[in-house]
Amino acid sequence: TIIERDHEDYFYHVTEPQLSSYEKILLRDIRMIIHERLLDASLKGVRKEELLKHLLRDAASNYIVEIDPILFFKFEYYILRDYLKFGKLTPLMKDPYLEDISCNGWGKPIYVYHKRYRDIETNVVFDKRELDEFVQVFTQKGRKHISKRDPLIHATMPDGSRIQLTFSDEITKHGSTFTIRKFNEMPTTPIDLIEWGTFSPESMAYLWLAVENAKSLLFVGGTASGKTTSLNAVSLFIPIRAKIVTLEDTREIRLPHPNWIPDVTRASVSGTGENVDMYKLLKSALRQRPEYLLVGEVRGEEALTLFQAMSTGHTTFSTMHADSVETAIRRLESPPINVPRGMLEALDIISVQAQTYVNGERVRRNLGLTEITGIDTSTRNIKTVEVFRWDPALDEFYRSGNSAVLEEIRKFRGWSQEVLEEEMNKRQIVLEFMLKKGIRDFNSVTRIIYEFQANPQKVMRWINLEAWGELANRNRERERVEV
């Protein structure tokens with residue numbers, strides 16, 4: 001793929017092997033033969049890629065005695081692309097810098113959301129037949145059904161990406177449409193969030209200490225503000241042996257913990273079977289006595305049950321659409337959620353996320369970390385303290401208030417104030433060390449976090465030895481320069 005700049009706009013150009021008119025006709029006929037033979041073939045225990053290559057050679061021999069290697073490569077590319085991957089969308093789905101892919105109808109260019117260049121038009125276009133087939137095929141792969149009777153579906157693609165589809169022109173003027181929220185193959189880590197500037201090392205160390213000590217969190221923000229990404233990242237701080245249950249409409253949360261039960265809602269297909277919604281999942285999860293309960297998003301009656309769980313001692317993490325702490329509280333107290341004000345005290349921390357601009361570039365930032373400290377007995381107003389705040393002018397984070405959460409942790413652990421600050425500092429040092437060393441991949445980050453939980457002295461000694469080694473190398477280099 002090539003990103004071209006045309007005046008002030010960018011254009012995303014997908015390049016694929018070129019076929020002549022004759023080669024296109026030949027590929028169409030070969031594809032029909034392969035399709036017929038696949039209907040009769042037994043695929044059990046067969047490597048699909050090898051089978052397709054064999055069928056391609058066999059089908060091509062019906063038309064060409066000795067096929068040119070370059071032409072065979074072209075045919076192989078399109079056959080594997082269409083049968084095993086994502087068809088026309090394959091180059092877009094494989095680009096790690098794309099977050100969203102949108103089709104607004106047949107004959108219209110696909111648009112993508114690029115991490116750096118934002119919304120860009122592409123040269124990928126579906127005709128009406130191709131688009132209807134794509135929507136039906138990927139609905140089936142997501143184990144859903146779409147038709148003119150049920151023209152609106154939300155599904156999960158084979159790679160885990162979320163896709164919203166409409167079929168034909170029943171509810172959309174320009175025919176079938178879809179929007180794909182791409183699945184990130186490698187889960188985001190706390191180091192990624194620090195590297196991107198979403199959180200500071202100090203605010204992430206604060207969340208580390210809070211999560212380790214079973215404090216409940218709510219991540220709020222607008223669409224694509226990074227709520228679930230942040231929830232997933234800080235969940236790596238959960239003690240490795242803790243029992244975790246996650247509840248989601250679509251699988252997004254990924255954890256390395258062995259004692260983890262991931263639950264997903266289920267809608268009945270064509271009126272058969274029972275709907276398993278978030279409320280039913282939550283009631284079932286509470287019977288499993290989880291130490292940590294993670295709910296992908298709260299928006300209905302399940303929120304009340306979630307806060308009841310908080311009030312009875314369960315640690316819960318969740319996300320919610322709201323642009324501020326005040327908006328989040330209003331939504332929680334208003335229909336259809338209707339959480340009583342007294343229950344809101346059970347929530348410890350609200351993290352406000354947003355997409356914003358820094359130096360002309362769109363970025364994701366944590367606008368602030370706010371603690372709910374109680375209810376004023378005279379006014380019945382909820383008391384809050386903003387512990388960390390982002391300064392948009394300087395793009396820096398400040399510790400802006402005294403933390404009631406840290407004070408509770410200090411008392412519970414029997415620490416002095418000095419020990420509390422030392423524990424915060426240790427975690428911040430570990431995070432900054434991984435950032436400096438470029439340790440960002442999921443497996444390495446989780447290994448260091450869990451090693452720290454098991455033996456913090458060992459990790460700190462290792463970091464100090466690394467630091468002394470670097471200092472010694474710099475001193476030796478300085479001596480050589482002086483000589």
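Here our numbering is used: the first residue of the sequence shown is 1, the next is one more, and so on.
For glycine and all other residues, C-beta sits at the position ideal for the given N, C-alpha and C.
How close, in whole Å, do the beta carbons of residue i and residue j come, if the pair is a contact with beta carbons under 8 Å?
| i | j | result |
| --- | --- | --- |
| residue 341 | residue 372 | Rounded, the Cβ-Cβ distance is 11 Å, inconsistent with contact. |
| residue 167 | residue 191 | Their Cβ separation, rounded to whole angstroms, is 42 Å, which puts residue 167 and residue 191 out of contact at 8 Å. |
| residue 174 | residue 106 | 7 Å |
| residue 315 | residue 293 | 7 Å |
| residue 227 | residue 356 | Their Cβ separation, rounded to whole angstroms, is 14 Å, which puts residue 227 and residue 356 out of contact at 8 Å. |
| residue 19 | residue 74 | 6 Å |
| residue 301 | residue 336 | 6 Å |
| residue 79 | residue 31 | 7 Å |
| residue 449 | residue 236 | 6 Å |
| residue 426 | residue 456 | 6 Å |
| residue 247 | residue 295 | 5 Å |
| residue 11 | residue 120 | 7 Å |
| residue 256 | residue 431 | Actually they do not touch by this definition, with Cβ atoms about 18 Å apart. |
| residue 115 | residue 99 | 6 Å |
Cutting at 6 Å between CB atoms, please list the residues of its own chain near residue i, excluding the five before and the five after it.
| i | result |
| --- | --- |
| residue 400 | 386, 389 |
| residue 322 | 220, 328, 331 |
| residue 481 | Confidence is the limiting factor: at residue 481 the pLDDT is only 44, short of 50, which leaves the residue's position unreliable, though a coordinate-based value still follows. So no residue of the chain qualifies. |
| residue 34 | 55, 59 |
| residue 217 | 317, 349 |
| residue 260 | 244 |
| residue 262 | 246 |
| residue 102 | 111, 179 |
Exposed or buried, which one is residue i when buried takes at least 16 other CB atoms within 10 Å?
| i | result |
| --- | --- |
| residue 204 | buried |
| residue 368 | buried |
| residue 412 | exposed |
| residue 447 | exposed |
| residue 289 | exposed |
| residue 417 | exposed |
| residue 423 | buried |
| residue 5 | exposed |
| residue 353 | buried |
| residue 2 | exposed |
| residue 69 | exposed |
| residue 61 | exposed |
| residue 186 | exposed |
| residue 394 | exposed |
| residue 142 | buried |
| residue 140 | exposed |
| residue 178 | buried |
| residue 215 | buried |
| residue 483 | Residue placement at residue 483 is poorly supported in this model, since its pLDDT is 35, which falls under 50; the coordinates still yield a value, given next. With fewer than 16 Cβ atoms within 10 Å of its Cβ, residue 483 is classed as exposed. |
| residue 8 | exposed |
| residue 252 | buried |
| residue 454 | exposed |
| residue 152 | exposed |
Can you list, in chain order, the residues of its chain whose CB lies under 7 Å from that of residue i, leaving out five sequence neighbours each side?
| i | result |
| --- | --- |
| residue 172 | 105, 166 |
| residue 362 | 118, 355 |
| residue 326 | none |
| residue 404 | 371, 373, 385 |
| residue 37 | 55 |
| residue 345 | 372, 374, 375 |
| residue 479 | Low local confidence applies: a pLDDT of 48 at residue 479 is under 50, so the model's placement there is unreliable, and no value is given. |
| residue 471 | Its pLDDT being 43, under 50, residue 471 is placed unreliably by the model, and the measurement read from it follows with that caveat. So no residue of the chain qualifies. |
| residue 241 | 259 |
For residue i, write down the residues that DSSP places opposite it in a beta bridge.
| i | result |
| --- | --- |
| residue 109 | 125 |
| residue 98 | 114 |
| residue 219 | 319, 351 |
| residue 239 | None; residue 239 has no bridge partner. |
| residue 13 | 2 |
| residue 245 | 261, 293 |
| residue 181 | 100, 162 |
| residue 266 | 276 |
| residue 120 | 112 |
| residue 388 | 369, 399 |
| residue 382 | 375 |
Which residues in the same chain as residue i place their Cβ atom closer than 8 Å to its Cβ, once the five residues preceding and following it in sequence are excluded?
| i | result |
| --- | --- |
| residue 308 | 343 |
| residue 196 | 363, 364 |
| residue 465 | none |
| residue 17 | 73, 74, 77, 78 |
Flag residue i as yes when its Cβ comes closer than 8 Å to any non-hydrogen atom of the ligand HEM, and as no otherwise.
| i | result |
| --- | --- |
| residue 299 | With respect to the ligand HEM, the structure offers nothing, as it holds no ligand at all. |
Let me see if you follow: with CB-CB separation under 9 Å, is residue i close to chain C or not?
| i | result |
| --- | --- |
| residue 205 | Structure shown: chain C not included; a single protein chain is present. |
| field | Start-end ranges of the beta strand (DSSP E) lying completely within the region 288-365, minimum 3 residues | value | 292-295, 315-321, 349-358
| query | What residue ranges within the region 123-168 form continuous alpha helix (DSSP H) runs of no fewer than 4 residues, ordered along the chain? | reply | 128-141
| Along the chain, which unbroken stretches of the alpha helix (DSSP H) at least 4 residues long are found entirely within the region 390-425? | 404-413
| Every unbroken alpha helix (DSSP H) within the region 62-99, with a cutoff of 4 residues, ordered by chain | 69-84, 90-94
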